[in-house]
Amino acid sequence: MVKFDIKRSMTPSDIAEVTELLSAVERADGQRPLNDHLWIDLSHGARAGFAGLTAWQSGINHPIAYCQVSRGNDSWAIDLVVDPRNRNEFAELGLSLLREATQIIASEGGGHVHWWVSRQTTTHTDLAMQIGLRPERNILQMRVDLPLTQLVIEQTKTISTQEFRVGTDEENWIKVNNRAFANHPEQGGWTSEILKLREAEPWFNPNGFLMHYSERPIDNQLAGFCWTKIDTATKPVLGEIYVIAVDPLHHGQGLGRALTVAGLNYLARRGMTTGMLFVDKGNLAAIKMYGNIGFSTHHEEQAFVGEIASSAK
């Protein structure tokens, strides 16, 4: 018999149980489940708009499935993981948890919902359709060997960068980020609170948060940035281009490639042998640029999206 537990606030014990399940999924799939936004919400355990849903089987002292709801900037995020030993029950467990998740979203006013799936199957598609979501966006995870070839470096414009200054650069960075990602459902609409949560993460390192100014920093004209991430909690450890953007006012100057190469060079100096980034499959210009640097597609992820009607009174 399976029972479901819904919590709007997670205790340290609850978080540890879910983290153990997520670790088992990562060992089986070779990829860490949940994106950063969801991980941060889980680790804090009680932020507004959060819900953790677990499935428990009689006689087993750990959850066999987990579904999370997290309110984002412009969209609700949901994710679903099932213990590798219970994958034969994925459809049944998944549908029950996802239905509960959408009811929570509806009770809090509804709105846009997205569910990112790595290595999509027909089961994922069927589940999404049953809760009113449709396939819409695709992103590619691309990887490149490090260090970069000398030819790539020679063919790339050299630019100056400086490290992100915690306590000084936040407001300036948020303005440029939100202009660059004005129509992006996940990366747009950042606030100082969101950025401070990232700064508090154990992987955050301002040395790898590279800022490029069009003139002198004193002029405060941030033209673009490359924020890198080394997360030793993942296996294998990858050097990630976490967020990269050029202010729309400075497009057409070759800064995208220059910032990418600057970030990858930093990661190589830190001992990383593989660089990684995510890019929207529809962003053909960026994909071409990354390919010219040496990136190739490792795998593709699918987003199911939809609108959940409000049930709030």
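Each residue of the sequence shown is one higher than the one before, starting from 11 at the first, in our numbering.
Don't be surprised by glycine CBs; every beta carbon is placed ideally from N, CA and C.
Coarse secondary structure for residue 17, derived from DSSP in three states:
Translated into positions along the sequence shown, residue 17 becomes position 7. Residue 17 falls in the strand class under three-state DSSP.
Suppose you measure from the CA of residue 306 to the CA of residue 323; what does that come to, to the nearest Å?
Position 296 of the sequence shown, counted from the start, is the residue given in the question as residue 306. Position 313 of the sequence shown, counted from the start, is the residue given in the question as residue 323. In this structure, the straight-line span from the alpha carbon of residue 306 to that of residue 323 is close to 50 Å.
Using the rule of at least 16 other Cβ atoms within 10 Å of the residue's Cβ for burial, across every protein chain shown, is residue 187 buried or exposed?
Working through the sequence shown from its first residue, we reach residue 187 at position 177. With a threshold of 16 other beta carbon atoms within 10 Å, residue 187 meets it and is buried.
Hey, residue 14 and residue 65 are a contact pair by Cβ (cut 8 Å); roughly how many whole angstroms apart?
Start at 1 with the first residue of the sequence shown, and residue 14 comes out as number 4. Start at 1 with the first residue of the sequence shown, and residue 65 comes out as number 55. At roughly 6 Å, the Cβ-Cβ gap stays under 8 Å, so residue 14 and residue 65 are in contact.
Take residue 287 as the anchor and find which of 299, 280, 279, 281 has the nearest alpha-carbon.
As a first step, residue 287 is located in the sequence shown; it is residue number 277 there, counting from the start. Ranking 299, 280, 279, 281 by Cα distance to residue 287 puts 299 first.
Around the C-beta of residue 75, are 16 or more other C-beta atoms found within 10 angstroms, so that it is buried, or is it exposed?
In the sequence shown, the residue the question calls residue 75 occupies position 65. It counts as buried.
Using the Cα positions of residue 2 and residue 158, report the straight-line distance between them to the nearest angstrom.
For the chain, the structure presents residues 11 to 323; residue 2 sits outside this window and is missing.
Does the distance from the C-beta atom of residue 289 to that of residue 269 stay below 9 Å?
On the sequence shown, position 279 is the one that residue 289 refers to. On the sequence shown, position 259 is the one that residue 269 refers to. No, the pair does not count as a contact, with Cβ atoms beyond the cut-off.
Kindly indicate the opening and closing residues of the beta strand (DSSP E) around residue 232.
Stepping through the sequence shown from its first residue, residue 232 is reached at position 222. Counting along the chain, the beta strand (DSSP E) containing residue 232 begins and ends at 232-240.
Are the stretch 119-137 and the stretch 89-107 touching, with three or more C-beta to C-beta distances below 8 Å?
At 8 Å Cβ cutoff, the stretches touch.
Among 11, 12, 51, which one has its Cα closest to the Cα of residue 210?
By 1-based counting over the sequence shown, the position of residue 210 is 200. Among 11, 12, 51, the Cα nearest to that of residue 210 belongs to 51.
By DSSP's criteria, residue 307 is part of a beta bridge. Which residues make up the other side?
Your numbering for residue 307 matches position 297 in the sequence shown. Partner(s): 152.
Assuming residue 103 is part of the alpha helix (DSSP H), what are its boundary residues?
The sequence position of residue 103 within the sequence shown is 93, counting from 1. Unbroken alpha helix (DSSP H) run through residue 103: 100-117.
From the DSSP output, read off the bridge partner residues of residue 121.
Mapped onto the sequence shown, residue 121 falls at position 111. Note: residue 121 sits in a beta bridge opposite 318.
Opening and closing residue of the beta strand (DSSP E) in which residue 249 lies
Here residue 249 refers to the residue found at position 239 when the sequence shown is read from its first residue. Start and end: 249-256.
Could you pull out every unbroken beta strand (DSSP E) segment of at least 3 residues lying fully inside the stretch 41-104, listed in chain order?
For the stretch 41-104, the full-length beta strand (DSSP E) segments reaching 3 residues or more read 61-67, 75-81, 86-92 along the chain.
Rounded straight-line distance, which links the Cα of residue 44 to that of residue 89:
Looking up residue 89 in the sequence shown gives position 79. Looking up residue 44 in the sequence shown gives position 34. Here the alpha carbon of residue 89 sits roughly 7 Å from the alpha carbon of residue 44.
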